[in-house]
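Take 11 as the starting number for the sequence shown in the numbering used here and just add one per residue. Don't be surprised by glycine CBs; every beta carbon is placed ideally from N, CA and C. Notes follow the structure.
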Amino acid sequence: MSPDHAFLTLLQFADGLFPAGGFAHSLGLETYVQDGRVRDREGLEAFIAAHLEGSAGPADAAAAAVAVRLAFYGDAAGWIALDERLDAMKSVPELRTASRQMGRQTLRIAAALGDDPFLAQLRRAVDEELAVGHHAAVVGAALGRGGVEPERAAAAYLYSTAALLVGAGLRLISLGQLEGQRVLAATRPRIQRLAAAAARATVDDLWSFNPALEIASLRHSTLETRLFKS
């Protein structure tokens, strides 16, 4: 595939308009805001940094990069094993459900956008409950079939995650659009570094360690008022 095709595929799946359902999730940020631990731009930057460093980078972005390579070779069995690994790693019910819901929605749309046999095979696997379809694994597969390289796929996943959290932050704290863009701009060096590391990862290299975020996500369902599902 041409570089232009791969680039446009990357833009489409990383776009905030892509209807994966991420707008409904804060990934624990809402709990932090209600606890008073995130009040401003600096607090939001710190929250996003912790999420990218402790979870989204070494687990999800790395999984997306692995999924790119599996998709390139049409390795459905390997993809299902990767999806199972992600499911086992996501111990918090809200975060696990969010990843599954966003992944299934993304897979449904990706399979409907063309007639790619590998994506159709993955959708059948999810429909038949042979896989659950985690978001990172699905995004990586879709981008891989579009000719996107592993490192760029990882960077796109990390950027989309940061953008999701900035969008949630705009609704939860007194933060303007310009401040939100400044937060995103500040994440660029971190995204580049984490994406480069993710591109070198194998399925056995995936890890996640963010206990504070996991506790906040566990507590989210007990909040008296909630804007988000997670």
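Cβ neighbours of residue i in the same chain (closer than 6 Å, five flanking residues each side left out)
i: T41; result: A226, R229, H230
i: A141; result: I90, D93, A135
i: D126; result: R155
i: F67; result: Note on residue identity: the sequence assigns Gly, not Phe, to residue 67. Same-chain partners within the cutoff: L204.
i: S170; result: A24
i: E55; result: V193, A196
i: A131; result: The sequence shown places Gln at residue 131, not Ala. The answer, listed in chain order, is A86.
Residue i - DSSP class collapsed to helix/strand/coil
i: A16; result: helix
i: F219; result: coil
i: S227; result: helix
i: E234; result: coil
Host alpha helix (DSSP H) of residue i (start-end)
i: F128; result: 127 to 137
i: R110; result: 103 to 122
Same chain, Cβ closer than 7 Å to residue i, neighbours up to 5 away in sequence not counted
i: R162; result: L20
i: S218; result: G64, S65, P68, A69, M99
i: V102; result: E224, S227, L228
Cβ-based neighbour list, residue i, same chain, cut-off 8 Å, excluding 5 preceding and 5 following
i: G190; result: V176, G177, G179, L180
i: A60; result: N220, A222, L223
Any chain B beta carbon closer than 7 Å to residue i
i: G113; result: Considering every chain present, this structure includes no chain B. It has just one protein chain.
Closer than 6 Å: residue i CB and nearest the ligand FAD heavy atom
i: T107; result: Looking at this structure, you won't find the ligand FAD or any other ligand, since it has none at all.
Inset, instruction - Mind listing, in chain order, the continuous beta strand (DSSP E) runs of no fewer than 3 residues lying wholly within the region 141 to 215? - result: Taking only runs of at least 3 residues, no beta strand (DSSP E) segment lies wholly in the region 141 to 215.
Inset, instruction - Within the region 26 to 92, note down every full alpha helix (DSSP H) run reaching 4 residues or more, in order along the chain. - result: Here the runs fully enclosed are 39 to 44, 51 to 61, 72 to 83.
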